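Structure first, commentary second.
Number of protein chains: 2
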Amino acid sequence: MRRLSALALLLALPILRAEDGMWTFDNLPLKQLKEKYAFEPGKDWIDHVRLSTLTLGGCTGSFVSADGLVLTNHHCTRGSLQRLSTKDRDLVKDGFVAATRDQEIKLPGLTYRTLMAMENVTERVAKAVKPGLGEKAAAAARAKELDAIKAELEKASGLTYDVVNLYQGGETWMYGFKTFKDIRLVAAPEIAVAAFGGDYDNFTYPRHDLDFSMVRVYENGKPYHPAHHLTWSTEGLKMGDLTFVVGHPGRTSRLQTFAQMKYDRDFGIPAYLRNADRTRAILEEYGKRDAEHARQVQTLILGVNNGSKANEGSLAGLKDAEAMKRIEDAEKALKAAVAKDPKLTASTGKSWARIEQATQLQKGLLKEARSVGSARSTTLGQALALVRLAEQQELPVEKRLTEYRSEGGLKVLKTRLSGPAMGMMGQGANPELETLLFTRGLEDAARELGPQHPFVVAILGGKKPADVAKAAVEGTKLNDPAVRKALIEGGKKAVTESGDPMIVLARKLEPILLGLRKKQDDVRAILEEHGARIAKARFAVYGKALPPDATGTLRITYGAVATYPANGTLQQPFTTWAGLYDRHFGWGGNEAKDYTDWRLPQRWLDRMGKLDLRTPLNFSHAVDTTGGNSGSPVVNRKGELVGLLFDGNIEGNAGRYYYDEKVNRSVSVDARAILEALVKIYDAPHLAAELTGK
Amino acid sequence: MRRLSALALLLALPILRAEDGMWTFDNLPLKQLKEKYAFEPGKDWIDHVRLSTLTLGGCTGSFVSADGLVLTNHHCTRGSLQRLSTKDRDLVKDGFVAATRDQEIKLPGLTYRTLMAMENVTERVAKAVKPGLGEKAAAAARAKELDAIKAELEKASGLTYDVVNLYQGGETWMYGFKTFKDIRLVAAPEIAVAAFGGDYDNFTYPRHDLDFSMVRVYENGKPYHPAHHLTWSTEGLKMGDLTFVVGHPGRTSRLQTFAQMKYDRDFGIPAYLRNADRTRAILEEYGKRDAEHARQVQTLILGVNNGSKANEGSLAGLKDAEAMKRIEDAEKALKAAVAKDPKLTASTGKSWARIEQATQLQKGLLKEARSVGSARSTTLGQALALVRLAEQQELPVEKRLTEYRSEGGLKVLKTRLSGPAMGMMGQGANPELETLLFTRGLEDAARELGPQHPFVVAILGGKKPADVAKAAVEGTKLNDPAVRKALIEGGKKAVTESGDPMIVLARKLEPILLGLRKKQDDVRAILEEHGARIAKARFAVYGKALPPDATGTLRITYGAVATYPANGTLQQPFTTWAGLYDRHFGWGGNEAKDYTDWRLPQRWLDRMGKLDLRTPLNFSHAVDTTGGNSGSPVVNRKGELVGLLFDGNIEGNAGRYYYDEKVNRSVSVDARAILEALVKIYDAPHLAAELTGK
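In order, the protein sequence lines correspond to chains A and B. Heads up, the first sequence is in the numbering used here, so the first residue is 352 and it goes up one at a time. Heads up, the second sequence is in the numbering used here, so the first residue is 352 and it goes up one at a time.
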């Protein structure tokens, strides 16, 4: 591929920084590492940290013992802890430590995977597309070749392969995974310590959270013995030390155009925040009914707040005039490079303008996009998915919506739709909460869209929101996975004949939703087509000097333990147990009224004198991470475990759009704190011994 | 005086808030205190806290024992500690505790005063001005009456009386003081603990500073026994508790017009900050010469940084669009009230526009105002003052600059000019530092004004800045107070005949400086005249419902111990010893490289185990204070000492222009920390016993 000269490249890379980047394992920035840190990891080092890492689906974990012990965040297993808790045994509040392996508790429904193999299939797929083929035929040829490669690889290895597109199509890979399904809880601290400071301190450094949990991977009923696991460091970190984070950053939007960032800043994120405010208000309304209700929504509210704070940080980043100037300049530089190349000009010259037009269309659809849907009902969401599945399967493949076209895609959809837990809120099984959310969702839609909007007319049918919600939630049987399975298997006939009130509603709504979806697809098609053209141009100009946007696949990033300026001072690189107690007592201890997020479990007060108060608890480091990196191992030059990533600072939320090494910091639990807590607070020297191999 | 109706008053007071206000002792907001806190202080309570408080000149202190022990901040006595320190005995670095009264060290040059009596003389002065007198004659009559009142009061009481103008002339008072000159050092911690976190943590909460010192007032060679002193509280504070701060807030500019605030925002403060940056750079250049040089400028740099951070906070406040809107609205409300009253319209209707014009003139003079002067030389500053004094005294009174008109004013000037320590920098006695500052000051003036500017031509006389500075500093004798005294007594003849190189320079410069001063006086006259008209209109509309701007006179303010939102979370109301150690160890302890502001003296590490780590160290409270409040006692409802004010948060620096109770917080040392440190760290139970009366 044609590349610019080195000088032109340098001039055209105004936003590229040393620490910037979530790098793929085939393309580590070895030159930068050597030049800046005099560090040259060999193939063994790279393979070792990769093979010790697991994807937990939305989180990351790592093997930390030869007997399959996995370290991740408390907030990565919190959903499981919540589901296994009852009024009498509250694993979230009281924590848990298995004194023996017999006591380890099975966590149902989890799938952990390790990335065992990576194959670059870009050229093979390209070759499969014969010259002169039309667009559709080319796509079909590509898909066929990918299916063939997948089958070959899986047969040869016994692994499960995923197609991975990088650089928005610039490269195509096959990633092969080993899968684990038998996951058991070994240890988790009390939520008061794991999420000390609650929503207030979330994303705020200095931080004092023991946000870890430990599970064990079993295979065939016995602890799994991984070929690779991370050794627990005995040295410990200090300011300036180089760290690496291995994990699965979920999504960044750094390669969006400037117009898209402005859309997010002025419309997209503000709309998200308004919606989150409303969700929180409804959950709080529910929580006020009594203590048990409050307990039920506690983690849901934390989740909503978490999303809001992250988006507020992103929004602040987009409002930073200096950063936006840098982004605009980078775009101008790429545009200039494109303008100098007739071929790139032909393919991409108008792409920025087309995307800007598409954001105008997006803006016009925003209100409907927010209000036309499941009206906050998880069960209605399921019903809508079942109806759509039935409708789409009746259509010829080329007329279907994208996600209904491949057999693989359909299988994933069906599996998800027939599973036990559904929806972000998981409230399907809680009719009282479901009814409240649905009622408020209907009221909001009616207010936002007006009483004459077809969606409002169809869903309310002239009745009151509360009555519609109550009747549907009381009458539905969709919470039973067997009922959903029967509807999936019964196809369009079963769905059409169903008298389930949620399905009845969904049948009425589907044409309206489909109409909106098609308008959105038109916009998305423009954004994707021209986004891909720009991405290809970028790849043509810069190659792999810029890492690809995060896509939830395995990445490695690096940087030093570092302070940063905030709040008028410099933030300390480490916090300690002393800081945990300072913030606890500073709020008035467990007697504090009004503000209770800094309370501590009694044993933490009883055993304060046993702890070495100087022990580092959390640290801040200049590594480029984002959501999905939660639970990532932090390793040192030796590839040893020194920390457990669990958070970023507020400034780091701008990382969705750009990495700012001056202030963007990730926040990790120091490995020394985990070990000390296991021994001195949780009476679990056996786990400490397993971790340290002593 | 004519007042608006209660409703109109309410509508017209958009910026008045409950906690807003530095109230004079004759006008405590008793109604608000009763309504909000159910607290009704009696005359005894009010007199007791007033008579226990001292003004130290720029700081505040309070009597805390029957034997004349005074509590104030470390940074209020730091200048004295620095002056008494030598290479062998570093009172700043090592701290000091007198084991017996014999060991107490006299601090020369200090004057402490207590406000013993307050007389409202507004009406008496008004009566002295007979109807029909011209402006000049009226002013003379007022001055004569004030002199007469002062003489009467002083004769009757033995106190020293000051004229105090409040509400920009709305009220005139006589404040009577008892004066103390024999002040001896009793205790001061190490600066590492008193100013823990150095410049970085200054103005940043959470804070961990033991910023106290103790001195004893002597009279006739014996400890003074004050009629009132504050009792040390045995209860301690908690979140939400009501606190009072008694002290001498120096200056606020809240009653400026909106145009003046915009001038400060866009020109005044930015110019200040540029100048401070330059001063700091020169001091750092000096400090790099070696460790002893660094020691010499350490406190000077802290002072410069302190000023910069405060101004940056003020500037951020002026950039807060919401607050500026509130201020603009308040101005509009007052303008509307003025417009409804023909008499006020006649006097004040055009005043806002006149002030806005004056700020344009100010802008035009800014460059000269910054560069035409003493060129950073303390000694040249003295020489200029001596020359001007001699010139002005030759003129008839009405042609003199304001400060040379009254006999009292002249006396103050002469006393200051013949004292031992001169200038903010106190560097007159350090020829090496003086030479560097002067050289750089001359270079800056030449660069800023250009080589042809009369000031540059006159001061350089074609020579190089370094040569001019070296010759003048080496040749001058003005560091000798006796030389200055002789020049003052010798009048114009002595000054004209003096061959002292600084005086020679000053004679050449005086006409240029005087020309600039006259232009500035013209602007100031407009600002003062129309500022006073607006103030009178405000007093006519609102009366004493709004407290007067701070003027360095004694005030009381109140508010609760409170959290506030910052950095994405809520700030803890208290910090503890645990927090001090957290920040120390979090930075790597005493082994930390690069960042050394969080080091601790060895005895603080050796004795960590002796301290109760839960003890509150600092706290944040919603009281309205500003510079000059440093060292103010914090008292509870019983009038007992619970804390020692030493700082505000960054957000509080906007308090120069407006008080924002959401985020403006003062920061105080908790009285419990002082007591515990005296006993457990400093082995001074005798002082603890004196404070607690045990």
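The beta carbon of each residue, even a glycine, is placed where N, CA and C say it ideally should be. All of these numbers come straight from a predicted model, not from anything done at the bench.
- For tyrosine 755/A, the nearest beta carbon of chain B is not closer than 8 Å to its own beta carbon.
- In the DSSP assignment, tryptophan 374/B forms a beta bridge with Ile907/B.
- Leucine 712/B: not part of any beta strand (DSSP E); member of the alpha helix (DSSP H) spanning 702-722, first to last residue.
- Looking at the DSSP output, tyrosine 463/B shares a beta bridge with Phe531/B.
- Along the segment 749-804 of chain B, the beta strand (DSSP E) does not occur as any fully enclosed run of 3 or more residues.
- Under the 8 Å Cβ criterion, the segment 613-625 of chain A counts as touching the segment 664-683 of chain A, having at least three qualifying pairs.
- For lysine 961/B, the CB contacts under 7 Å within the same chain, skipping 5 residues up- and downstream, are Lys1031 in chain order.
- Taking 8 Å as the threshold, the shortest C-beta distance from tryptophan 938/B to chain A falls below it.
- According to DSSP, residue pairing for aspartate 998/A in a beta bridge involves Val1018/A.
- Under the Cβ distance rule, proline 924/A counts among the residues neighbouring chain B, one pair being separated by less than 8 Å.
- In this structure, proline 782/A lies away from leucine 422/A, with their beta-carbon atoms at least 8 Å apart.
- Listed along chain B, the residues sitting closer than 8 Å to isoleucine 1001/A by beta-carbon distance are Asn918, Gly919.
- Residue burial is scored here from C-beta neighbours: lysine 989/A has fewer than 16 other C-beta atoms within 10 angstroms and is therefore classed as exposed.
- Lysine 843/A has a beta carbon lying at 8 Å or more from every beta carbon in chain B.
- Closest by C-alpha distance to asparagine 553/A, out of Ala450/A, His426/A, Pro693/A, is His426/A.
- Taking 8 Å as the cut-off, the Cβ atoms of tryptophan 583/B and leucine 1042/B count as close.
- Where serine 431/B is concerned, the enclosing alpha helix (DSSP H) starts and stops at 425-435.
- Cβ contact annotation for valine 689/A (same chain, cutoff 7 Å, sequence separation greater than five): Leu695, Thr696, Thr699, Gly700, Ala888, in chain order.
- Excluding residues up to 5 positions away in sequence, Ala417, Asp418, Gly419 lie with their Cβ nearer than 8 Å to the Cβ of histidine 576/B in the same chain.
- Interface flag for phenylalanine 547/B against chain A is unset, since no Cβ pair is found closer than 8 Å.
- Under the Cβ criterion of 8 Å, threonine 927/B is counted among the residues facing chain A.
- By the C-beta density criterion, glutamine 611/B is buried, having at least 16 other C-beta atoms within 10 angstroms.
- Three or more Cβ pairs drawn from the segment 880-887 of chain B and the segment 518-532 of chain B lie within less than 8 Å of each other, which places the two stretches in contact.
- Sixteen is the threshold: since fewer than 16 other Cβ atoms of the shown chains lie within 10 Å of the Cβ of glycine 801/B, the residue is exposed.
- Under the Cβ distance rule, glycine 910/B does not count among the residues neighbouring chain A, no pair being separated by less than 8 Å.
- Selection Ser725/B, Thr608/B, Asp562/B, Tyr755/B evaluated against threonine 710/B yields Thr608/B as nearest (Cα-Cα).
- Under the DSSP assignment, arginine 567/A falls in the beta strand (DSSP E) whose first and last residues are 564-570.
- Leucine 634/B counts as buried, since no fewer than 16 other beta carbons sit within 10 angstroms of its beta carbon.
- Rounded to whole angstroms, the gap between the alpha carbons of phenylalanine 936/B and alanine 1040/B is 32 Å.
- Sixteen is the threshold: when 16 or more other Cβ atoms of the shown chains lie within 10 Å of the Cβ of glutamate 1002/B, as they do, the residue is buried.
- DSSP places serine 698/A in the uninterrupted alpha helix (DSSP H) bounded by 693-699.
- Just measuring C-alpha positions, the residue of Thr411/A, Gly485/A, Asn941/A sitting nearest arginine 464/A is Thr411/A.
- The beta-carbon separation of phenylalanine 414/A and serine 403/A, rounded to 5 Å, stays under the 8 Å limit for a contact.
- Taking the Cβ atoms as the reference, glycine 910/A lies roughly 18 Å from proline 557/A, outside the contact range of under 8 Å.
- Arginine 616/B has a beta carbon lying at 8 Å or more from every beta carbon in chain A.
- Neighbours of glycine 930/B in chain A, taken as residues at a C-beta separation under 9 Å, are given in chain order as Ala929, Gly930, Tyr932, Asp933, Arg934, Phe936, Gly937.
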